[in-house]
Amino acid sequence: MSTERTEHISSRRARHLPLAPPSWLLGGLKPSTAPIPWAAVARASVAMSVPLAVGFALDEPEYGALASMGALAGVLGDTADAYRMRVLNIAVPQLVGAVGVALGTLVYGHGWLAVGALTLIALVSGMISSIGTVASVSGLLLLLNAVIGAGLPLPEPWWTAPLLLTAGGLFVLALTLLGWPLRRRQPERTAVADTYRALAGALDAAGGPVARYDERRQEVTQAINHAYDLVLGRRARVHGRSPSLVRLLAQLNVVIPLVEAAPAAHLRGRPLPPEIPAAVRELADAVEEGRTEAPVLVLPTAHTPAERAVDAALRHAAKIVHIAEPDLNNVDDRLGRPAALRVRARRAVRDMMLSRASWRYGLRLALCIGIAQSLVSVIEFERSYWVALTVTFVLKPDFGSVFSRAVLRALGTAGGLLIAAAVLSEVPRGWWDVPVMVVLAGLIPAFSAKGYAFQTAAITPVILLLSDLLNHQGFDLIRPRLVDSLIGCAITLVFGYLLWPESWHTRIGDRLADTVDDAARYVERAFAPVADEAAFAAARTARLQARRRIYRDLSGVRSEFQRALTEPPPTGPRAAAWWPLVVAVERIVDATTAARVRVNHGAVPPPADEVASIARRLHDLADRVRSSTVPVRVDDTAPAGAEASVLAPVHQEIAAALAIARPES
Numbered sequence: 002m003s004t005e006r007t008e009h010i011s012s013r014r015a016r017h018l019p020l021a022p023p024s025w026l027l028g029g030l031k032p033s034t035a036p037i038p039w040a041a042v043a044r045a046s047v048a049m050s051v052p053l054a055v056g057f058a059l060d061e062p063e064y065g066a067l068a069s070m071g072a073l074a075g076v077l078g079d080t081a082d083a084y085r086m087r088v089l090n091i092a093v094p095q096l097v098g099a100v101g102v103a104l105g106t107l108v109y110g111h112g113w114l115a116v117g118a119l120t121l122i123a124l125v126s127g128m129i130s131s132i133g134t135v136a137s138v139s140g141l142l143l144l145l146n147a148v149i150g151a152g153l154p155l156p157e158p159w160w161t162a163p164l165l166l167t168a169g170g171l172f173v174l175a176l177t178l179l180g181w182p183l184r185r186r187q188p189e190r191t192a193v194a195d196t197y198r199a200l201a202g203a204l205d206a207a208g209g210p211v212a213r214y215d216e217r218r219q220e221v222t223q224a225i226n227h228a229y230d231l232v233l234g235r236r237a238r239v240h241g242r243s244p245s246l247v248r249l250l251a252q253l254n255v256v257i258p259l260v261e262a263a264p265a266a267h268l269r270g271r272p273l274p275p276e277i278p279a280a281v282r283e284l285a286d287a288v289e290e291g292r293t294e295a296p297v298l299v300l301p302t303a304h305t306p307a308e309r310a311v312d313a314a315l316r317h318a319a320k321i322v323h324i325a326e327p328d329l330n331n332v333d334d335r336l337g338r339p340a341a342l343r344v345r346a347r348r349a350v351r352d353m354m355l356s357r358a359s360w361r362y363g364l365r366l367a368l369c370i371g372i373a374q375s376l377v378s379v380i381e382f383e384r385s386y387w388v389a390l391t392v393t394f395v396l397k398p399d400f401g402s403v404f405s406r407a408v409l410r411a412l413g414t415a416g417g418l419l420i421a422a423a424v425l426s427e428v429p430r431g432w433w434d435v436p437v438m439v440v441l442a443g444l445i446p447a448f449s450a451k452g453y454a455f456q457t458a459a460i461t462p463v464i465l466l467l468s469d470l471l472n473h474q475g476f477d478l479i480r481p482r483l484v485d486s487l488i489g490c491a492i493t494l495v496f497g498y499l500l501w502p503e504s505w506h507t508r509i510g511d512r513l514a515d516t517v518d519d520a521a522r523y524v525e526r527a528f529a530p531v532a533d534e535a536a537f538a539a540a541r542t543a544r545l546q547a548r549r550r551i552y553r554d555l556s557g558v559r560s561e562f563q564r565a566l567t568e569p570p571p572t573g574p575r576a577a578a579w580w581p582l583v584v585a586v587e588r589i590v591d592a593t594t595a596a597r598v599r600v601n602h603g604a605v606p607p608p609a610d611e612v613a614s615i616a617r618r619l620h621d622l623a624d625r626v627r628s629s630t631v632p633v634r635v636d637d638t639a640p641a642g643a644e645a646s647v648l649a650p651v652h653q654e655i656a657a658a659l660a661i662a663r664p665e666s
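Mapping of the sequence shown onto the working numbering: residues 2 to 666, in sequence order.
What follows is the structure in structure tokens.
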């Protein structure tokens, strides 16, 4: 029984236990098994405590607190592997955040003007968040800093706060780049090596239990996507041909034939000899260490088309991996080299302005921030910037479920306030804040790796300690901040979740239908007739790009599924109902790839009418997915003679996809 199925059954049983917490809450409160990033822990402790110490040394604790706030934003944004992305993830949001705090400072204490300004900033912040990862963090920091500037009395003149916040963020960047001279290309090299290791795991699992192989194959997909993003992204910024990057790209490209051969090896129904995954792991070590001495490959004799495909791909990979001087003009960016930065920026802005999803999220965020800021700026009772701050953190759909984040943030804030209460009541303000900050700042990356509720519990006492240095309220901050957080969560749940129709249905069905249509086109492309060798090479490149795009889309569907699972009924159960079909579509693509590999190594190609029949069945499945809120069983009969065809596994996987029964109510 697969892991996913076991977890699903366990969650169903948990719902029937008396007084058992809902599964979406249990999932959010369960600590992740991700390892603690100790380097990030040390970096956060230094980055946030040093500015504080400098502030006390200069008798300007407010300045130190602002610089530490900027460092906090840098710590939260330092999540990439490659140094170029770390520079972008830290520097660009810091500059955008400086604009935000400047705008917030200018409207501080101006009532309705502050409401209007923050509402407009929220609209812009929400819309630019749809562009990409860096833009999402930039949009978050734009709004967060604007809320802080509009809600806290910051030092004069107006440019002081932006300067100090930016300085704190750039201090984090400086600490991050200390290892750059020694590890300049290491993230890219490690990513390529990890792709080989993930592939070795898939080859180990080939021919064994289906669930284990599916899990390993997903790891391969993630590793390939990550490696290509790093290597091709770097090449987009390198003028001319860089020998080291060309070599990495060549080493990554030769993984693809092995990845294509893995499904064929799995479908043969028996494990591969252990020498094959061992040889792939040896290649991973050679990539990571930069070795060029090629070892002698001792591989078992290949007999079947699948075995010949694995053998040929492995021997070719071994040859390319150990080439010391690759041909700079003979390595293609076969899975798509990114366009120039200005071209991508222009496309991103155009797509953002024309995207309904972008406008919807911007309007949702603007509505909630407008309501929150109205409470703190207009209505005459004691509240703070913390309300709008809570709304900003919770209402980030690309960070996870809005509903569960609201609940988890309330719980995390309550836990963080317990820590803050002990600090504010027992630790005297002054130099003692520095060692306390060393400890609290280090907890942020450590707890962030464990989940959102834990991250909130770590961030809350840090922000309260820094806020106390700015407004000197001491222990009196505790109770208002808890009430503020609850109000912010309530505003988000009502005006950012319940009032919007898309909150009540999962988008997995629509996205999955598009992916099924892509799978149909992939089948057609995989077996389309070609006129000559040049056309064959072009068709193969197009097929590789299509396959990578499908798996990227399916990764997005998986992420959407995980997000929707944390929603309360009916969204969560509906998402769970679609899960078997997500797995089925992945297996259809795998079976198609395996069939193409077998044809390349001697199997009889399928007739055109059989390929067209499979494409029609997949398009029909996509139409059914679009028109249904839950999977419905469909009787399907494969065409006569399908059992003897190279596409027989594809027919079987399509039949399994169409035979998914309506889930129990």
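Just so it is clear, CB atoms sit at the ideal spot from N, CA and C, and this is done for glycine as well.
Taking each of I655, G140, L178 in turn and checking the Cα distance to L124, the smallest one comes out for G140. As summarised for the segment 130 to 159, there are no continuous beta strand (DSSP E) elements at least 3 residues long confined to that stretch. Using a Cβ distance threshold of 9 Å, I122 and G101 count as a contacting pair. Rounded to whole angstroms, the Cβ separation of T593 and Y523 is 6 Å, and the two are in contact under 8 Å. Straight across, the Cα-Cα distance linking S359 with L494 is about 19 Å. Assignment of L59 by DSSP, reduced to helix, strand and coil, places it in the coil class. Between the C-alpha atoms of A285 and L107 there is a straight-line separation of about 55 Å. At a cut-off of 4 residues, the continuous stretches assigned as alpha helix (DSSP H) that sit fully inside the segment 204 to 261 are 211 to 236, 244 to 254. In the three-state reduction of the DSSP assignment, D195 falls in the helix class.
For P62 and L418, the gap between their C-alpha atoms comes out near 22 Å. Bounds of the alpha helix (DSSP H) holding K320 are 306 to 322. Around the beta carbon of P154, fewer than 16 other beta carbons sit within 10 angstroms, so the residue counts as exposed. DSSP, reduced to helix, strand and coil, places L500 outside both helices and strands of the structure shown, so it counts as coil. Non-local C-beta neighbours of H317 in its own chain, meaning closer than 8 Å and more than five positions away in sequence, comprise V255, P258, ordered along the chain.
Taking R599 as reference, the option from V586, P574, A527, A540 with the minimal CA-CA separation is A527. Put simply, the backbone Cα of H227 is about 46 Å away from that of H111. Under the three-state reduction of DSSP output, Y552 falls in the helix class. In the displayed model, T493 falls within a helix according to three-state DSSP. Burial state of E427 is exposed, judged by a 10 Å Cβ sphere holding fewer than 16 other Cβ atoms. In this structure, the alpha-carbon of L648 lies about 29 Å from that of F562. Put simply, the segment 421 to 435 touches the segment 454 to 467. At least three CB pairs are less than 8 Å apart. Here DSSP, grouped into helix, strand and coil, assigns T594 to helix.
Only exposed fits R357, as fewer than 16 other CB atoms lie within 10 angstroms of its CB. The three-state secondary structure of G291, taken from DSSP, is coil. Taking C-alpha positions only, R541 is separated from A303 by approximately 24 Å. Membership of F528 in any alpha helix (DSSP H) is not indicated, and neither H nor E is assigned to it by DSSP. Rounded to the nearest angstrom, the gap between the Cα atoms of G170 and A151 is 20 Å.
Annotation for Y453: the continuous alpha helix (DSSP H) segment containing it runs 453 to 472. In chain order, G208 place their CB closer than 8 Å to the CB of G270, counting only its own chain and leaving out the 5 sequence neighbours on each side.
Under the three-state reduction of DSSP, D79 is assigned to coil, being neither helix nor strand. Three or more Cβ pairs closer than 8 Å define a contact, and the segment 403 to 410 falls short of that threshold against the segment 162 to 182.
Sequence-distant partners of I225 (beyond 5 residues in either direction) whose C-beta falls short of 6 Å from its own C-beta, in its chain, are T196. T120 carries a helical assignment under DSSP once its states are collapsed to helix, strand and coil. Burial of W579 is indicated by the presence of at least 16 other C-beta atoms within 10 angstroms of its C-beta. Pairing A521 with I372 gives a Cβ-Cβ distance that is not under 9 Å.
By the Cβ neighbour-count rule, A609 is exposed, with fewer than 16 other Cβ atoms within 10 Å of its own.
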